[in-house]
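K.L.:
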Amino acid sequence: MSDVLNKTEEIVRKAKSLGADEVLARTTFGRYRQVRFSGNQVDITVAWNDYVTDVALAWKKRLVATQIHDFHDVDAGIKKLLELAKVSKENPLFGGFAKGKFKYVASKADEKLEDLENPTDYVFEAVEAARKEAGAEIDSGGILFTKFEDVYLASSEGPVGVDKRSAVELSIRAFAQREASGHGVECSSALKDFKPERAGAKAGEIAKMAKNPKAGDEGVYDVIFDPLIFGSSLAVWGSMVGAFNVLIQMSVFVDKIGQKVAPEIVTMRDNPGAYSLSSRVFDDEGVPARENVFIDHGVLKSYLHNTSTAKMFKTETTGNAGLIAPNAWNIELDAGDMGKDELFEDVKKGLYLTNTWYTRFQNYTKGDFSTIPRDGIFLIEKGKIKQSLKDLRVSDNALSMLGKIVGISKERQHVHWWGKAEPPSLSPYVLIKDVHLTKSK
Amino acid sequence: MEEDIVDYALKYAESKQVEYAEVRAQSQVQDRLVLRNGILEAYVSAVDSGFCVRILANGGIGFASTNKWAREEAKDIVDLAFKYAKAAGRKDKIVFAKEKGVETKWTVDQKRKAENVSPEEKITEFVEVNKSLASCGVKIAATIFQCSIDLISKYFVSSEGSRISSFVPKIGAFLFLTVAEQGKTEQAGEQFGYSGGWEAFKEWNITDKMIHDAKILKDVITKGKTVKSGNMDLICGSEVTGIAAHESCGHPMEADRILGREMSQAGRSFIYKGGPYWLGTRIGSDAFTIVDDPSLEHSYGYYAYDDEGLKARRRFLYKNGVLNEFLHNRESAAKLGTKSNASSRSINYDREAIVRMANTFVLPGDMTEEELIEDVKSGVYMKSFTEWNIDDKRFNQRYVGREAYLIEDGELKHPVARPVIETTTLKFWSAVDAVSKKVNFDAATCGKGDPAQGVPVYTGGPCIRLREVYVK
Chain B
1 MSDVLNKTEE
11 IVRKAKSLGA
21 DEVLARTTFG
31 RYRQVRFSGN
41 QVDITVAWND
51 YVTDVALAWK
61 KRLVATQIHD
71 FHDVDAGIKK
81 LLELAKVSKE
91 NPLFGGFAKG
101 KFKYVASKAD
111 EKLEDLENPT
121 DYVFEAVEAA
131 RKEAGAEIDS
141 GGILFTKFED
151 VYLASSEGPV
161 GVDKRSAVEL
171 SIRAFAQREA
181 SGHGVECSSA
191 LKDFKPERAG
201 AKAGEIAKMA
211 KNPKAGDEGV
221 YDVIFDPLIF
231 GSSLAVWGSM
241 VGAFNVLIQM
251 SVFVDKIGQK
261 VAPEIVTMRD
271 NPGAYSLSSR
281 VFDDEGVPAR
291 ENVFIDHGVL
301 KSYLHNTSTA
311 KMFKTETTGN
321 AGLIAPNAWN
331 IELDAGDMGK
341 DELFEDVKKG
351 LYLTNTWYTR
361 FQNYTKGDFS
371 TIPRDGIFLI
381 EKGKIKQSLK
391 DLRVSDNALS
401 MLGKIVGISK
411 ERQHVHWWGK
421 AEPPSLSPYV
431 LIKDVHLTKS
441 K
Chain X
442 MEEDIVDYAL
452 KYAESKQVEY
462 AEVRAQSQVQ
472 DRLVLRNGIL
482 EAYVSAVDSG
492 FCVRILANGG
502 IGFASTNKWA
512 REEAKDIVDL
522 AFKYAKAAGR
532 KDKIVFAKEK
542 GVETKWTVDQ
552 KRKAENVSPE
562 EKITEFVEVN
572 KSLASCGVKI
582 AATIFQCSID
592 LISKYFVSSE
602 GSRISSFVPK
612 IGAFLFLTVA
622 EQGKTEQAGE
632 QFGYSGGWEA
642 FKEWNITDKM
652 IHDAKILKDV
662 ITKGKTVKSG
672 NMDLICGSEV
682 TGIAAHESCG
692 HPMEADRILG
702 REMSQAGRSF
712 IYKGGPYWLG
722 TRIGSDAFTI
732 VDDPSLEHSY
742 GYYAYDDEGL
752 KARRRFLYKN
762 GVLNEFLHNR
772 ESAAKLGTKS
782 NASSRSINYD
792 REAIVRMANT
802 FVLPGDMTEE
812 ELIEDVKSGV
822 YMKSFTEWNI
832 DDKRFNQRYV
842 GREAYLIEDG
852 ELKHPVARPV
862 IETTTLKFWS
872 AVDAVSKKVN
882 FDAATCGKGD
892 PAQGVPVYTG
902 GPCIRLREVY
912 VK
């Protein structure tokens with residue numbers, strides 16, 4: 001496949017020879033497979049093969065980009081892109097692409113995920129595990145998704161690299177009754193660590209506990225967040241430390257570098273590590289991907305940058321470049337010192353929330369938002385689950401909730417599902433005090 | 442787009458033991474502009490082109506796609522789709538509702554062809570919007586503008602004899618601004634969408650709308666008062682009417698949700714067989730009717746034929762407050778013993794077509810907006826919204842006002858800061874007692890599917906009046 005890298009480098013050389021100042025090209029050969037199921041049966045099995053070269057080039061601080069899917073006349077496409085740059089507008093704040101030669105660690109992608117022979121077997125393992133927990137009548141649905149990408153990157157500014165990226169995830173939602181459901185996910189970059197039955201068992205366990213729910217009461221509660229729902233919160237905070245989102249005021253962290261934004265027990269980092277669905281060895285500028293602590297013992301230390309935003313903030317890139325703007329890859333909240341059971345014991349009267357969806361903000365800068373818990377919602381009294389609840393909404397503030405974290409479990413889970421916990425994360429059980437819940441009237 | 446490869450793929454699929462096969466090709470010429478504070482961040486221009494095969498065999502469905510235009514590749518993806526369909530091993534075999542093949546071509550006209558408008562002009566239009574905002578007398582802390590131009594060609598063939606070619610240009614824009622006054626901020630986003638040419642830009646009146654939003658946000662900061670919580674009358678402007686119609690009528694009436702096929706992602710519906718709500722059940726007052734209509738010319742959700750090759754038509758969802766007709770594709774229709782009403786849409790060649798809305802709106806009534814207000818003793822007029830959401834059974838929803846005013850004795854008073862209605866679908870639609878004459882539409886991107894498929898839609902309607910609902 002070095003032929004592909006040569007062709008990717010050739011695109012960079014061609015664009016430079018035509019007059020581009022800086023050029024990035026990234027070729028991805030992706031094989032994606034998905035099994036969708038509902039009613040405990042497979043609805044559809046899907047395969048996507050995608051061959052694409054993304055090209056970004058700068059000419060006199062004008063940034064343009066394209067995707068090449070048709071490789072019959074690449075030269076014409078590059079010429080057209082440069083012409084577009086010449087009629088485009090200057091961005092005085094464009095800071096260029098990363099410069100230098102870098103060494104990359106070897107990718108640990110799992111070649112077995114190039115094409116699974118019997119992907120539906122994993123689905124049935126999860127469904128059976130859910131049944132075992134909650135009974136044969138359980139109704140479950142979800143997806144199994146696999147990814148295998150060969151990635152070739154070349155930059156006129158020095159970086160050249162090859163990466164392989166693999167992922168496998170299973171998401172299952174099980175219904176024990178019409179309004180009693182549980183959701184489990186299992187996420188990994190490699191098959192050897194992938195245990196679909198864990199997701200099924202979790203979905204089944206929560207669904208069983210969620211039977212016969214009563215309408216919950218509006219109020220202020222101490223709330224234990226399951227790793228899955230807390231993954232959605234980590235995704236919100238992780239995207240808000242992206243420097244571009246700070247620049248456009250879609251962040252509660254504007255002008256807060258160096259300030260205390262969370263209690264001492266909170267340390268958050270972005271880490272596209274080998275275990276992660278987002279595992280990668282370099283970012284889209286060819287900078288080695290790495291761990292970046294952005295909240296250190298409660299203090300906001302850094303935003304996530306590409307080269308251009310780093311220059312605006314007078315700092316260094318953090319290796320989070322996308323082709324246009326920086327992204328978080330995989331958010332981690334450092335483990336705490338309490339067991340999950342100890343967290344529950346700390347709650348005299350509160351709630352245990354397991355999943356959520358439809359998070360929307362009134363104002364990203366202020367952080368006022370609401371989100372709708374789904375699947376198991378439980379009333380906790382004296383450390384024990386007393387009652388399954390339904391029809392509640394978290395209506396609170398993203399910054400103040402971060403500030404009210406009082407307990408973090410030792411146990412953590414790698415979670416991701418359907419854009420609701422996106423980007424993926426390594427997420428513990430977390431206890432947050434005084435969370436506002438509302439309901440329909 | 443190489444139609445001979447598409448035809449070859451279908452012929453090869455038909456040579457296997459399939460119950461049904463289709464090949465859908467899509468070529469999309471795409472332009473994307475991103476401007477931050479009036480400065481172009483990036484201009485992205487690309488062509489995405491590929492095709493997919495969907496096969497029904499042994500009661501299972503297999504789907505495979507590629508962007509490599511070659512016969513060998515076509516053969517490979519047919520083989521994959523066929524293998525996957527056979528491997529499904531379903532107890533309940535999937536069938537599609539019967540349809541006749543269609544041979545046709547359809548296109549959407551452009552008064553001013555988007556491809557003939559220079560990149561400089563497109564950029565300049567948005568730079569000028571930002572300049573106008575900067576000088577409108579409101580302190581703007583940040584703006585982010587995005588524009589998308591998609592020229593979409595499709596070619597659909599099926600084993601039932603369908604052969605449909607189409608061309609639709611879709612123009613979209615999203616503008617988001619932050620106003621900072623007196624040490625406080627407020628934010629607003631506006632989406633615009635159109636099926637047609639660059640004439641859309643003038644018709645949208647973007648500058649006026651964004652300046653209006655900026656001034657409203659300033660008023661909310663400087664003059665807005667919170668509302669005293671309690672039961673009161675609420676007038677919803679067309680934007681609020683539209684989002685409520687989309688979220689609490691359009692989505693729960695999608696038959697694939699009702700049947701559970703989206704249970705793990707977008708969720709299910711409060712409507713289900715054996716439950717309290719089904720076709721013929723009342724869900725609201727008789728003062729309103731909600732339709733979904735893909736056939737509105739130049740609407741953002743426009744299509745003449747859906748992605749299963751069926752002719753589009755208006756669907757009456759809640760008719761005078763009664764559940765009337767679900768949104769169907771061929772799979773859901775067969776399961777519920779009816780015919781598809783052409784609600785099957787896909788955003789690209791690499792996505793399965795699933796049940797979707799197009800343009801969902803409340804039909805007009807016979808009153809003026811002023812008449813609606815005149816008859817309110819104490820209430821709130823919520824013209825537009827910021828935060829909103831709804832649970833996954835589509836019953837518990839919340840809308841937070843962006844532009845809103847207190848109504849006292851039939852007159853609009855001061856701005857109300859962030860009034861909230863948080864209620865059920867049943868209570869919301871049962872409280873409607875009057876509907877105004879003038880319908881307005883807003884563009885939106887409706888999310889559903891896994892992987893996510895954001896499809897262009899309109900939401901809309903007239904103003905509607907709700908009696909005695911709880912507002913806080």
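Residue numbers (this note's numbering), protein chains in the order written: chain B, 1 to 441; chain X, 442 to 913.
Glycine included, each C-beta is placed from N, C-alpha and C at the ideal position.
Is S188 (chain B) close to chain A, meaning its C-beta is less than 8 Å from at least one C-beta of that chain?
P.N.:
Here the protein chains are B and X, and chain A is not one of them.
K.L.:
Taking contact to mean 3 or more Cβ pairs, one atom from each stretch, closer than 8 Å, check whether the region 461-471 of chain X and the region 245-258 of chain B are in contact.
P.N.:
Verdict: no, contact absent.
K.L.:
Counting only beta-carbon separations shorter than 8 Å, does L616 (chain X) have a partner in chain B?
P.N.:
no
K.L.:
What are the boundary residues of the alpha helix (DSSP H) that G630 (chain X) is part of?
P.N.:
Per DSSP, G630 (chain X) lies in no alpha helix (DSSP H) segment; the continuous beta strand (DSSP E) that holds it begins and ends at 625-636.
K.L.:
Look at the Cβ atom of L700 (chain X), then the Cβ atom of K776 (chain X), and state whether they are nearer than 8 Å.
P.N.:
Cβ distance < 8 Å, so L700 (chain X) and K776 (chain X) count as in contact.
K.L.:
Kindly indicate if chain B contains any beta-carbon less than 8 Å away from that of K516 (chain X).
P.N.:
no
K.L.:
Can you tell me whether DSSP reads Y453 (chain X) as helix, strand or coil?
P.N.:
Under the three-state reduction of DSSP output, Y453 (chain X) falls in the helix class.
K.L.:
Would you list, in chain order, the members of the region 57-68 of chain B that have their beta-carbon closer than 7 Å to a beta-carbon of chain X?
P.N.:
L63, V64, A65, T66, Q67
K.L.:
Relative to the alpha-carbon of T352 (chain B), which residue among B:R412, B:K433, B:Q67, B:F369 has its alpha-carbon at the smallest distance?
P.N.:
The sequence given here places Tyr at residue 352 (chain B); Thr does not occur at that position. Per the Cα distances, B:K433.
K.L.:
Taking Cβ positions, are D833 (chain X) and W417 (chain B) nearer each other than 8 Å?
P.N.:
Taking 8 Å as the cut-off, the beta carbon of D833 (chain X) is found no closer than this to the beta carbon of W417 (chain B).
K.L.:
Within the continuous alpha helix (DSSP H) that includes K208 (chain B), where are the two ends?
P.N.:
For K208 (chain B), the enclosing alpha helix (DSSP H) stretches over residues 196-209.
K.L.:
On the three-state DSSP scale, how would you describe K546 (chain X)?
P.N.:
Here K546 (chain X) sits in strand by DSSP.
K.L.:
To which residues of the same chain is E640 (chain X) closer than 6 Å at the C-beta, ignoring the five residues directly before and after it?
P.N.:
K552, R553
K.L.:
Based on Cα-Cα distance, which residue from B:S107, B:F37, B:K89, B:T53 lies nearest to E125 (chain B)?
P.N.:
B:F37
K.L.:
What three-state label does DSSP hand Y525 (chain X) in the structure shown?
P.N.:
Y525 (chain X) falls in the helix class under three-state DSSP.
K.L.:
Tell me whether the beta-carbon of D654 (chain X) lies closer than 8 Å to the beta-carbon of I795 (chain X).
P.N.:
no
K.L.:
According to DSSP, simplified to helix, strand and coil, what is M250 (chain B)?
P.N.:
coil
K.L.:
Taking its Cβ as the centre, do 16 or more other Cβ atoms sit within 10 Å of T619 (chain X), making it buried, or is it exposed?
P.N.:
Result: buried.
K.L.:
My guess is that V347 (chain B) and I380 (chain B) are in contact by the Cβ rule of under 8 Å, so how many angstroms apart are they, rounded?
P.N.:
5 Å
K.L.:
Let me see if you follow: with CB-CB separation under 8 Å, is V841 (chain X) close to chain B or not?
P.N.:
yes
K.L.:
Based on Cα-Cα distance, which residue from B:S308, B:V293, B:G184 lies nearest to K301 (chain B)?
P.N.:
Looking only at B:S308, B:V293, B:G184, the smallest Cα-Cα distance to K301 (chain B) is reached by B:V293.
K.L.:
N789 (chain X) CB to nearest chain B CB: under 8 Å?
P.N.:
Closer than 8 Å: no.
K.L.:
Short of 6 Å in beta carbon distance, which residues of its chain neighbour D54 (chain B), apart from the five on each side in sequence? Order them along the chain.
P.N.:
Result list for D54 (chain B): R26, Q67, L323, in chain order.
K.L.:
What whole-angstrom Cβ distance do K913 (chain X) and S670 (chain X) have, given they're in contact under 8 Å?
P.N.:
4 Å
K.L.:
Please classify W870 (chain X): does DSSP put it in a helix, a strand, or coil?
P.N.:
helix
K.L.:
With a CB to CB cut of under 6 Å and the five nearest residues on each side skipped, what residues in its chain are close to S607 (chain X)?
P.N.:
W547, K595
K.L.:
Measure the C-alpha to C-alpha separation of E157 (chain B) and K99 (chain B) and round it to an integer number of angstroms.
P.N.:
5 Å
K.L.:
For G403 (chain B) and F344 (chain B), what's the separation of their Cα atoms in angstroms?
P.N.:
20 Å
K.L.:
Find the residues of chain B that neighbour T626 (chain X), judging by a C-beta separation of less than 8 Å, and give them in chain order.
P.N.:
Q249, N363, T365, K366
K.L.:
Grab me the residues of K878 (chain X)'s own chain with a C-beta within less than 7 Å of its C-beta, minus the 5 sequence neighbours each way, in chain order.
P.N.:
P805, G806, D807, M808, T809, P903
K.L.:
Excluding the 5 residues flanking T648 (chain X) on each side, which residues of the same chain have their C-beta closer than 8 Å to its C-beta?
P.N.:
Same-chain partners within the cutoff: E569, V570, S573, L574.
K.L.:
When the cut-off is 8 Å and only beta carbons count, does K386 (chain B) lie next to chain X?
P.N.:
no
K.L.:
May I ask you to list the residues that DSSP assigns as paired with Y840 (chain X)?
P.N.:
X:W829, X:I862, per the DSSP bridge assignment.
K.L.:
Taking Cβ-Cβ distances shorter than 7 Å, what residues in chain B pair up with Q706 (chain X)?
P.N.:
In chain order: W418.
K.L.:
Just checking, does the region 45-52 of chain B make contact with the region 487-507 of chain X on the three C-beta pairs under 8 Å criterion?
P.N.:
yes
K.L.:
How many angstroms separate the CA atom of D908 (chain X) from the CA atom of F615 (chain X)?
P.N.:
Per the sequence shown, residue 908 (chain X) should be read as Arg rather than Asp. Cα to Cα, the separation comes out at about 33 Å.
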